[in-house]
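Just below is one structure, and these are the notes that go with it.
Number of protein chains: 2
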Amino acid sequence: MPRFFASEAPFENSINLYGDDARHIGRSLRMRLGDVITVCYDKIDYSCRILKISDEVINLEVLEQSPSLEPNIELILYQAVPKLDKLELIVQKATELGAVKVVPVMTARCVSRPDAKQFAKKRERLERIAFEAAKQSGRGIIPEVMDIISLDECINQMKELDLGLMCYEKGGKPLNSFEYPEKGKIGVLIGSEGGFDEKEADLCVSAGVSPVWLGARILRCETAPIAAISIIMNLTGNM
Amino acid sequence: MPRFFASEAPFENSINLYGDDARHIGRSLRMRLGDVITVCYDKIDYSCRILKISDEVINLEVLEQSPSLEPNIELILYQAVPKLDKLELIVQKATELGAVKVVPVMTARCVSRPDAKQFAKKRERLERIAFEAAKQSGRGIIPEVMDIISLDECINQMKELDLGLMCYEKGGKPLNSFEYPEKGKIGVLIGSEGGFDEKEADLCVSAGVSPVWLGARILRCETAPIAAISIIMNLTGNM
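Protein chains in written order, with this note's numbering: chain A, 274 to 512; chain B, 274 to 512.
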């Protein structure tokens, strides 16, 4: 069943969709009055019947509602900035696999170092990718894509979480050796193409971030986050 | 350290590399006599010193040898044929993550249906991708990419394995509910963009293939194999 995200809460059993969504439903999907679609707002899935169709607005009647099938953890991906096409793949896959947020982090060995203006443009595209992937994969939220932060800021943010992990090529514990707090906030930090330098790793570890071992094989920087999120979602009963 | 696959076994502490590898070492990497590289042959890593360099052959002296860090399971990915660019991503990631073989399977809902000649050309490219990914990720073997087989043939092959799994969008058990035989051969069957039809799923299940649940979110057909292999490698102590 086609799935959309509403921009405003339902009111008296009625929801509206606007703009692109309206044209998509009326023109591309050629849906008709009475057809049923799923509209998601704030982690609730609303099964809705189409009452009115125009190019500007679709008016819908709510038939049923149920909680969206979101993971029982909030997984935040802190990703050291890779080449930007890799970041597109990472945002798409992190969304499908259930992450709530992707935060790019600038580290010492990042080869790709976009300035704020360059990244602002890219971020719009990444947000669009997260939006499309959230629709397609049946998420209850659209994961946020944040501005690039420093490693110091990343460490500060991770201190506020229930569990902070970093995938470190020089070793750590396997992901199935950690306790994952139910409904907890879990941050996972992944290196860029060049990995982390030792000072950075020491800084993270001394701030309470636990190093993680992802096996003897050398994973590309876009493979590591996909693998790590998959494994954590499996270990926490979400996959 | 640069890593290469030898085409023949070492003989009396000497290994040769030929052709593309020879030119790559001499010209692109500009390596010199005495430099040390890793050469892999049949799951053994040989640390070698360069004795002679030409455009045709590099002659190496073996200094040390140790088993390659291959997973303790043999994971075979049976992948229903997706659009062929997705198959490239799947072969690359399956190689990094430790699969030993990728077998494309033609199922009822495959949209992409290349004929033997079209696929033969593509297969060469896929083998090249597996080769490059094996070198880069530090594998002890180059995973094989096979010709397309039918679902019947796939089921026959899976009967010979220690464990056969299929990721099925209509449900099954999560991957952490299975017993994984150590050193066992494990087959994982993944659907194409359209998934499996019910008859196909029934056929697999009645042949002893266990349906697997990969969570409430709908994964793209290239995401499912990456997630499944990652999780199995974690659960078997290989990641």
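Don't be surprised by glycine CBs; every beta carbon is placed ideally from N, CA and C.
Here's the rule I'm using: 16 or more other beta-carbon atoms within 10 Å means buried, otherwise exposed. How should residue i be labelled?
i: Asp294 of chain A; result: buried
i: Ala282 of chain A; result: exposed
i: Val482 of chain A; result: buried
i: Glu337 of chain B; result: exposed
i: Glu369 of chain A; result: buried
i: Asp475 of chain A; result: exposed
i: Gly411 of chain B; result: buried
i: Ile456 of chain A; result: According to the sequence as given, residue 456 of chain A is Lys; it is not Ile. Classification for Lys456 of chain A: exposed.
i: Leu333 of chain B; result: buried
i: Asp318 of chain B; result: buried
i: Glu433 of chain A; result: exposed
i: Gly413 of chain B; result: buried
i: Gly292 of chain A; result: exposed
i: Ala393 of chain A; result: exposed
i: Arg305 of chain A; result: exposed
i: Lys390 of chain A; result: exposed
Consider the Cβ of residue i: report whether some Cβ of chain B lies at a distance smaller than 9 Å.
i: Ser287 of chain A; result: no
i: Gln338 of chain A; result: no
i: Ala389 of chain A; result: no
i: Lys366 of chain A; result: yes
i: Leu399 of chain A; result: no
Between residue i and chain A, is the shortest Cβ-Cβ distance under 9 Å, so that the two count as touching?
i: Ser503 of chain B; result: yes
i: Leu487 of chain B; result: yes
i: Pro344 of chain B; result: yes
Give the residues of chain A in contact with residue i, contact being defined as C-beta atoms less than 9 Å apart.
i: Ser410 of chain B; result: Arg490, Ile491, Leu492, Arg493 and Thr496
Quick one: which chain B residues come within Cβ less than 8 Å of residue i?
i: Pro447 of chain A; result: Asn507, Gly510 and Met512
Report the rounded CA-to-CA distance for residue i versus residue j, giving the unit in angstroms.
i: Ile402 of chain A; j: Lys446 of chain A; result: 32 Å
i: Leu348 of chain A; j: Leu462 of chain B; result: 28 Å
i: Asp388 of chain B; j: Cys440 of chain B; result: 26 Å
i: Pro377 of chain A; j: Leu508 of chain A; result: 25 Å
i: Ala480 of chain A; j: Asp425 of chain A; result: 10 Å
i: Met379 of chain A; j: Pro355 of chain B; result: 35 Å
i: Ile298 of chain B; j: Asp308 of chain B; result: 10 Å
i: Pro301 of chain B; j: Lys408 of chain B; result: Here residue 301 of chain B turns out to be Ser, not Pro, going by the sequence shown. Answer to the nearest angstrom: the Cα atoms are 16 Å apart.
i: Ala497 of chain B; j: Pro275 of chain B; result: 31 Å
i: Tyr314 of chain A; j: Leu436 of chain A; result: 28 Å
i: Lys443 of chain A; j: Cys477 of chain A; result: 14 Å
i: Asp328 of chain A; j: Ala279 of chain A; result: 16 Å
i: Ala500 of chain B; j: Ser341 of chain B; result: 24 Å
i: Asn286 of chain B; j: Ser503 of chain B; result: 37 Å
i: Phe277 of chain A; j: Glu473 of chain B; result: 31 Å
i: Glu417 of chain B; j: Lys366 of chain A; result: 26 Å
i: Glu471 of chain B; j: Ala353 of chain B; result: 15 Å
i: Ile323 of chain A; j: Pro344 of chain A; result: 29 Å
i: Lys374 of chain B; j: Asn429 of chain A; result: 43 Å
i: Glu495 of chain A; j: Val364 of chain A; result: 10 Å
i: Asn511 of chain B; j: Ala489 of chain A; result: 8 Å
i: Ser339 of chain A; j: Lys316 of chain A; result: 9 Å
i: Ile459 of chain A; j: Ile422 of chain A; result: 18 Å
i: Asn289 of chain B; j: Lys325 of chain B; result: 9 Å
i: Lys395 of chain A; j: Leu357 of chain A; result: 8 Å
i: Met419 of chain A; j: Val330 of chain B; result: 50 Å
i: Val312 of chain B; j: Ile491 of chain A; result: 16 Å
i: Pro484 of chain A; j: Leu350 of chain A; result: 15 Å
i: Leu438 of chain A; j: Arg296 of chain A; result: 43 Å
i: Gly371 of chain A; j: Ile346 of chain A; result: 9 Å
i: Leu362 of chain A; j: Val335 of chain A; result: 34 Å
i: Ala406 of chain A; j: Leu360 of chain A; result: 14 Å
i: Met431 of chain A; j: Ile505 of chain A; result: 17 Å
Since residue i meets chain B, which of its residues come closer than 9 Å, beta carbon to beta carbon?
i: Glu369 of chain A; result: Arg490, Ile491, Leu492, Arg493, Thr496 and Ala500
Please list, in chain order, the chain B residues whose beta carbon lies closer than 7 Å to that of residue i.
i: Leu348 of chain A; result: The premise fails here: Leu348 of chain A is roughly 12 Å from chain B at the closest Cβ pair, so nothing lies under 7 Å.
Would you please verify whether the beta carbon of residue i is less than 9 Å from any beta carbon of chain D?
i: Ile317 of chain A; result: The structure shown has no chain D; the protein chains it does contain are A and B.
Exercise. Count the C-beta pairs between the segment 452 to 462 of chain B and the segment 397 to 414 of chain B that are closer than 8 Å, then say yes if the count reaches three, no if not.
Key: no
Quiz prompt | Three CB pairs or more closer than 8 Å across the segment 459 to 477 of chain A and the segment 372 to 388 of chain A | solution = yes
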